[in-house]
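In my numbering, the protein residues as written are 815 to 970.
Virtual Cβ for every residue (Gly too), placed ideally from N, Cα, C.
In what follows, a structure is listed as structure tokens, so that the remarks can point back to it.
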């Protein structure tokens, strides 16, 4: 893939939102050396709405949870754009995604849900979007969202 991340976002019809401010005592990202750590991002849309709320397997379908994970990835990229002063070409690699899925007891489909974010990173960054990750089920998440994802990114 030789397109820039911005070209790939345009091809996908994705407009990056203005990142949301933290809801507690933390910062949205920290850079140390060439590593950028993005705090957990939730599925909030361009209008500041939460289109997906609740537990996967109870209130949220698996299909919608995949969309929620993709929206988390969009918000990660949005935060990264701010950290990179608007230049996404500074992203060398998506190193790791840490994902939490708010789900009912016994649900074991977290990896498939988090593929919504993983697939999106590859669509935007190509091979540089391939990453390690964790996909963990949990009994609750802030604001009752179904998915929250953080990231570690290598910058040039």
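What is the rounded straight-line gap between the Cα of residue i and the Cα of residue j?
i: residue 856; j: residue 882; result: 8 Å
i: residue 920; j: residue 960; result: 15 Å
i: residue 886; j: residue 893; result: 11 Å
i: residue 817; j: residue 895; result: 17 Å
i: residue 905; j: residue 956; result: 28 Å
i: residue 844; j: residue 941; result: 24 Å
i: residue 954; j: residue 891; result: 24 Å
i: residue 826; j: residue 889; result: 15 Å
i: residue 880; j: residue 958; result: 16 Å
i: residue 846; j: residue 833; result: 20 Å
i: residue 829; j: residue 864; result: 17 Å
i: residue 884; j: residue 848; result: 25 Å
i: residue 821; j: residue 924; result: 30 Å
Look at the Cβ atom of residue i, then the Cβ atom of residue j, and state whether they are nearer than 7 Å.
i: residue 858; j: residue 866; result: no
i: residue 951; j: residue 928; result: no
i: residue 933; j: residue 852; result: no
i: residue 823; j: residue 909; result: no
i: residue 938; j: residue 819; result: yes
i: residue 962; j: residue 862; result: no
i: residue 945; j: residue 969; result: no
i: residue 868; j: residue 918; result: no
i: residue 860; j: residue 897; result: no
So residue i packs on residue j, CB below 8 Å; how close in whole Å?
i: residue 936; j: residue 930; result: About 12 Å; that fails the 8 Å criterion.
i: residue 922; j: residue 948; result: That belief does not hold up - the Cβ atoms of residue 922 and residue 948 are roughly 15 Å apart, past 8 Å.
i: residue 876; j: residue 926; result: 7 Å
Could you check whether the Cβ of residue i sits closer than 6 Å to any heavy atom belonging to the ligand ADP?
i: residue 825; result: The model depicted lacks the ligand ADP and carries no ligand whatsoever.
Note to self: I want to know whether the segment 832–844 touches the segment 899–907 - three or more CB-CB distances under 8 Å.
What the structure shows: Fewer than three beta-carbon pairs drawn from the segment 832–844 and the segment 899–907 are found closer than 8 Å, and the two stretches are therefore not classed as touching.
List in chain order: all unbroken alpha helix (DSSP H) runs of 4+ residues lying wholly within the segment 885–947. List check, alpha helix (DSSP H) in window: 924–939.
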